[in-house]
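In my numbering, the protein residues as written are 80 to 217. Glycine residues also receive a C-beta, built at the ideal position from the N, C-alpha and C atoms. Bear in mind that the values here come from a model prediction, so they are computed numbers and not experimental data.
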């Protein structure tokens with residue numbers, strides 16, 4: 080049985096249904112993680128359309144990073160940092176830094192670019208919040 084992945088092209092069952100270059104080998108592949116997500120394959124097969132995984136990554140990166148910008152802009156413009164949890168932002172910023180390292184280990188530009196931008200925004204908000212709380216009288 081074959082799965083259509085583009086005009087006049089088919090791949091045998093069990094092959095990845097995604098198009099595009101494989102990511103650079105990295106630490107995660109040495110640990111046994113697959114090159115391409117089975118979730119993306121499951122999405123591509125029912126839709127019977129080719130999915131360029133790199134562009135899918137860029138779209139996801141643009142949406143998630145873009146959704147963070149209004150909060151950052153509000154914090155910069157109003158200087159109101161009272162509603163920001165230091166523990167939550169610390170964990171979030173650390174998580175974004177780890178995602179950036181993960182993207183670097185794979186050589187995946189969508190992950191690298193999105194998390195570098197988000198890390199800069201989240202790190203700035205975290206630093207400003209920490210400084211503002213340190214200056215407040217106890």
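### alpha helix (DSSP H) segments (min. 4 residues) lying fully within the region 149-203
Taking only runs of at least 4 residues, the alpha helix (DSSP H) segments lying wholly in the region 149-203 are 165-185.
### Message
Residues in the same chain with beta-carbon distance under 7 Å from residue 193, minus the five sequence neighbours each way, listed in chain order, please.
### Response
The sequence position of residue 193 within the chain shown is 114, counting from 1. Around residue 193: 140, 143 and 144.
### Task
Please name the residue, chosen from 134, 138, 131 and 149, that lies closest to residue 59 on a Cα-to-Cα basis.
The chain is shown from 80 up to 217; residue 59 falls before or after that span and cannot be answered.
### Task
Would you mind giving the Cβ-Cβ distance between residue 183 and residue 191, rounded to the nearest angstrom? I have them listed as a contact below 8 Å.
Along the chain shown, one-based indexing puts residue 183 at 104. Along the chain shown, one-based indexing puts residue 191 at 112. The C-beta separation of residue 183 from residue 191 comes to about 6 Å, placing the pair in contact by the 8 Å criterion.
### Query
Within this structure, are the beta carbons of residue 49 and residue 160 separated by less than 7 Å?
Absent from the structure is residue 49, since the part of the chain shown begins at 80 and ends at 217.
### Message
Rounding to the nearest angstrom, what Cα-Cα distance links residue 27 and residue 216 in this structure?
### Response
Residue 27 is absent from the structure shown; the chain starts at 80 and stops at 217.
#### Entry: Inter-residue Cα distance where the pair is residue 205 and residue 165
If you number the chain shown from 1, residue 205 lands on position 126. If you number the chain shown from 1, residue 165 lands on position 86. When rounded, the distance between both Cα atoms is 7 Å.
### Cβ neighbours of residue 178 in the same chain (closer than 7 Å, five flanking residues each side left out)
Within the chain shown, numbered from 1, the residue matching residue 178 stands at position 99. For residue 178, where only same-chain residues beyond five positions count, the Cβ hits under 7 Å are 190 and 194.
### Query
Out of curiosity, what's the CA-to-CA distance linking residue 136 and residue 187?
Locating residue 136 in the chain shown gives position 57, where the first residue counts as 1. Locating residue 187 in the chain shown gives position 108, where the first residue counts as 1. Using only the alpha carbons, I get a separation of about 9 Å.
### Query
When burial is assigned at 16 or more other CB atoms within 10 Å of the CB, is residue 132 buried or exposed?
Residue 132 sits at position 53 when you count from the first residue of the chain shown. Burial call: buried.
### Query
Which residue from 176, 180 and 210 puts its Cα closest to that of residue 198?
Your numbering for residue 198 matches position 119 in the chain shown. Residue 176 is the option with its Cα nearest to residue 198.
### Message
For residue 171, which residues in the same chain have their Cβ closer than 7 Å to its Cβ, ignoring the five residues on either side in sequence?
### Response
Stepping through the chain shown from its first residue, residue 171 is reached at position 92. The residues are 201.
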